[in-house]
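So the structure is just underneath, and the comments pick up after that.
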Amino acid sequence: MAASLTLDELAGFLAHQRAVRTFTREPVDDAVVEQILAAATRAPSARNLQPWRFIVIRERGTKEALGAIFDDLGRRLYGAAAPDRTPWAEVPVLVAVCSEYVFGTSASGMAALGASIYPAVQNLLLAVQAAGLGGVLTTRWKEREADVHPILGLPGEVAVHAIIPIGHPATPAGRNRRTPAAEVTFRERFGAPWASSS
Ligand SMILES: Cc1cc2nc3c(=O)[nH]c(=O)nc-3n(C[C@H](O)[C@H](O)[C@H](O)COP(=O)(O)O)c2cc1C
0 MAASLTLDEL AGFLAHQRAV RTFTREPVDD AVVEQILAAA TRAPSARNLQ PWRFIVIRER
60 GTKEALGAIF DDLGRRLYGA AAPDRTPWAE VPVLVAVCSE YVFGTSASGM AALGASIYPA
120 VQNLLLAVQA AGLGGVLTTR WKEREADVHP ILGLPGEVAV HAIIPIGHPA TPAGRNRRTP
180 AAEVTFRERF GAPWASSS
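If you use numbering that gives the first Met the number 0, the sequence shown closes out at 197, no skipped numbers anywhere.
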């Protein structure tokens, strides 16, 4: 099946793409996870190297260990009143997106790596939404990536880029709030107003 989405339909879908952090206990089957990951792997990447590797996490002990890191950092950031705290141990499934340093570790290599991973993460988040589920891209634990490595059994040459809790949203998410594109778009030169011609 070819592209069958209108631009208006896509815009409406994207307007409802939200960070969902709390979930019901309803499970998420492997079959759905496989479809979501298949969508993720449709992303572009530099030289089409497709560096993404996914770890699907369901074991409670692993979720608890990751959650402890996340909560500790959250407490330091927000104090006791962390907003929308995700109870990680209860999340039906977590997906960790990893890769080797396939473009080297120079600044440009790291830029190419991130730019080759996050389109797949966004595809994943959109597929989560299309499946009627919710999820959130998290990177807060990056500060303690060294602690995440043994929990996920990662060799030293593998980086973790995102950990995404996925489940059925506990509450409807609604539309997201974003600055209108016209306010963040310039014409020809940085700072020159867009002032739409239509
Ligand atoms: C690079 C990146 C890192 C993020 N890290 C976290 C995170 O560690 N924890 C979290 O709860 N949300 C995280 N988010 C989600 C953002 O907070 C969220 O996308 C943003 O606030 C917009 O929320 P909305 O989609 O509900 O409008 C991250 C998003 C991005 C793009």
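By construction, the Cβ of each residue, glycine as well, lies at the ideal position given by its N, Cα and C atoms.
- DSSP places Val101 in the coil class of the three-state scheme, outside both helix and strand.
- Closest in C-alpha terms to Phe69, from the list Ala39, Phe53, Pro86, Ile56, comes Pro86.
- Burial state of His160 is buried, judged by a 10 Å Cβ sphere holding 16 or more other Cβ atoms.
- Rounded to whole angstroms, Pro154 and Trp51 show a C-alpha spacing of 15 Å.
- Judged by DSSP in its simplified three-state form, Leu93 adopts strand.
- Boundaries around His148 are those of the alpha helix (DSSP H), 144–151, since no beta strand (DSSP E) includes it.
- Taking C-beta atoms as the reference points, Gln49 and Thr40 count as a pair closer than 8 Å.
- The straight-line gap separating the alpha-carbon atoms of Glu156 and Ala191 is approximately 44 Å.
- Note: Ala161 is bridge-paired with Val96 in the DSSP secondary-structure output.
- Put simply, the stretch 17–34 touches the stretch 134–152. At least three CB pairs are less than 8 Å apart.
- Cβ contact annotation for Arg139 (same chain, cutoff 8 Å, sequence separation greater than five): Phe69, Leu72, Gly73, Leu76, in chain order.
- At least one heavy atom of ligand 1 is found less than 7 Å from the C-beta of Asn175.
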